[in-house]
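J.:
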DNA sequence: CCGTATCCATTCCGATACTG
DNA sequence: CAGTATCGGAATGGATACGG
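Residue numbers (this note's numbering), protein chains in the order written: chain A, 1 to 157; chain B, 1 to 157.
Here is the structure:
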């Protein structure tokens with residue numbers, strides 16, 4: 001029996017993150033939640049996903065602590081799926097993906113959905129990685145610390 | 001024949017992004033590249049991935065314009081895989097994932113790899129989503145524009 | 001050392017039918 | 001409406017063998 005590689009014990013935080021949300025649906029579901037989706041049917045309609053896979057993904061996201069199920073809200077006997085603080089902390093991830101997609105997968109005038117500041121209606125500024133003092137950072141300015149090999153159990157991921 | 005749902009014509013930039021890098025390996029490969037990996041063997045050793053899958057993923061990433069193959073660099077007859085500008089633009093995505101993972105998958109003292117500012121050795125500040133004027137933004141402050149339904153061909157993703 | 005090819009297991013995904 | 005159950009097909013991932 002060959003088991004799939006897991007990254008949930010990786011010493012790299014990116015690995016542990018990818019282990020949970022590294023698939024085609026999770027981040028789209030989270031995006032819908034940021035956009036106000038709460039009910040199963042809302043997710044299903046707006047995503048166009050099959051019910052079984054939506055069901056499975058939602059369960060996985062709940063297990064991962066990204067969503068929580070609240071018994072009801074309007075009185076109907078059904079559940080609602082609500083982002084936890086951990087799930088809400090995915091906001092920068094989703095925004096970063098959005099901006100990357102905007103920059104590289106759309107022709108200049110091509111219609112697209114956009115993220116606006118609710119308070120003044122302006123488009124979101126480019127998300128920049130910043131150093132502690134606020135300076136913008138790029139990959140060349142950064143270095144990844146390696147964990148003490150004696151304590152690390154496995155390779156990088 | 002049942003075909004897998006594609007998001008590459010979605011009107012949402014997040015969908016198009018996920019369509020390309022929404023899997024378990026792509027972003028880890030990109031992360032290694034930010035960390036200096038260039039050669040097939042380097043990726044393979046540090047990721048611990050099987051060669052065939054690394055090969056397939058690298059090819060897909062090259063096809064997507066995220067990596068480019070440069071014929072050589074040190075004289076050996078082999079290729080090197082280098083991030084294109086489009087690939088380098090994934091830096092905020094990787095950093096956002098890293099910070100999310102740090103915040104939610106590590107115990108306080110648990111050893112982990114970290115991203116440091118090469119110039120002064122300080123840890124990276126928290127990545128924040130900012131409005132055009134620099135104010136931090138959170139999900140509650142944002143709203144997603146819907147594309148004109150007449151022009152949109154499909155549902156949200 | 002750098003990959004590609006093959007083979008197989010597992011997982012993911014989609015359509016549909018079904019229950020409450 | 002809100003899911004679960006089942007099924008088949010596709011994609012992914014892993015081990016290994018092989019050629020440049």
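The C-beta atom is built at its ideal place from N, Cα and C for all residues, glycine as well.
Computed from a predicted structure; not experimentally measured.
Note down, in chain order, each residue of its chain lying with its Cβ closer than 8 Å to the Cβ of residue 47 (chain B), except the 5 sequence neighbours on either side.
T.: 25, 28, 29, 32 and 54
J.: Rounded to whole angstroms, what is the Cα-Cα separation between residue 140 (chain B) and residue 36 (chain A)?
T.: 10 Å
J.: Check the Cβ of residue 117 (chain B) against every Cβ in chain A and list those closer than 7 Å, keeping chain order.
T.: The contact set of residue 117 (chain B) on chain A, defined by CB atoms closer than 7 Å, consists of 131, 137, 141 and 142 in chain order.
J.: Would residue 70 (chain A) pass as an interface residue toward chain B - the criterion being a Cβ-Cβ separation below 9 Å?
T.: no
J.: If you draw a straight line from the C-alpha of residue 19 (chain B) to the C-alpha of residue 103 (chain A), how long is it?
T.: Computed Cα separation, rounded: 15 Å.
J.: Does the beta-carbon of residue 13 (chain A) have 16 or more other beta-carbons within 10 angstroms, so that it is buried, or is it exposed?
T.: Result: buried.
J.: Under the assumption that residue 81 (chain A) contacts residue 38 (chain A) (Cβ atoms under 8 Å), give the Cβ distance between them as a whole number of angstroms.
T.: About 6 Å; that satisfies the 8 Å criterion.
J.: What does residue 89 (chain B) reach in chain A if we use C-beta pairs closer than 9 Å?
T.: Residues of chain A passing the Cβ test: 99, 100, 103 and 104.
J.: Residues of the segment 27-56 of chain B in Cβ contact with chain A at a cutoff of 8 Å, in chain order, please.
T.: 27, 28, 31, 32, 34, 35, 45, 46, 47, 48 and 49
J.: Quick check on DSSP: helix, strand or coil for residue 138 (chain A)?
T.: Note: residue 138 (chain A) maps to coil in three-state DSSP.
J.: Could you tell me which of A:105, A:114 and A:52 sits nearest to residue 34 (chain A), measuring between CA atoms?
T.: The residue among A:105, A:114 and A:52 with its C-alpha nearest the C-alpha of residue 34 (chain A) is A:114.
J.: Compare the beta carbon distance of residue 127 (chain A) and residue 92 (chain A) with 9 Å and say whether it is the shorter of the two.
T.: yes
J.: Does DSSP put residue 105 (chain A) in a helix, a strand or coil?
T.: Three-state result, residue 105 (chain A): helix.
J.: Let me confirm a value: residue 142 (chain B) is counted as buried when at least 16 other C-beta atoms fall within 10 Å, else exposed. Which label applies?
T.: buried
J.: By DSSP, does residue 130 (chain B) sit in helix, in strand, or in coil?
T.: strand
J.: With 9 Å as the threshold, decide whether the Cβ of residue 109 (chain B) is near any Cβ in chain A.
T.: Among the residues facing chain A, residue 109 (chain B) is not included, as its CB has no counterpart in that chain under 9 Å away.
J.: So what does DSSP say about residue 90 (chain B), is it helix, strand or coil?
T.: coil
J.: To the nearest angstrom, how far is it from the Cα of residue 77 (chain A) to the Cα of residue 42 (chain A)?
T.: 16 Å
J.: Would you mind telling me which residues of chain A sit closer than 8 Å to residue 114 (chain B), beta carbon to beta carbon, in chain order?
T.: 144 and 145
J.: Can you list the residues of chain B that residue 16 (chain A) reaches, using a CB-CB cut of under 7 Å?
T.: 101 and 105
J.: May I have the straight-line CA-CA distance separating residue 145 (chain A) from residue 112 (chain B), to the nearest angstrom?
T.: 8 Å
J.: Please compile the residues from chain B whose C-beta is within a distance smaller than 7 Å of the C-beta of residue 80 (chain A).
T.: Residues of chain B passing the Cβ test: none, with the nearest at roughly 16 Å.
J.: Spatial neighbours of residue 51 (chain B) within its chain, please: C-beta separation below 7 Å, excluding the five flanking residues on both sides.
T.: 44
J.: Checking contacts by CB at 9 Å: is residue 67 (chain A) closer than that to chain B?
T.: Closer than 9 Å: no.
J.: What are the residues that DSSP puts in a beta bridge with residue 67 (chain B)?
T.: B:83
J.: Across which residues does DSSP place residue 116 (chain B) in a beta bridge pair?
T.: A:143 and B:123
J.: State yes or no: is the beta carbon of residue 23 (chain A) nearer than 9 Å to at least one beta carbon in chain B?
T.: yes
J.: At the level of alpha carbons, what is the spacing between residue 157 (chain B) and residue 15 (chain B)?
T.: Residue confidence is low: residue 157 (chain B) scores 49 on pLDDT, short of 50, so the model does not pin down where it sits. Its coordinate-derived value is still stated next. Each residue's alpha carbon lies about 5 Å from the other.
J.: State the Cα-Cα distance for the pair residue 134 (chain B) and residue 68 (chain B), rounded to the nearest angstrom.
T.: 34 Å
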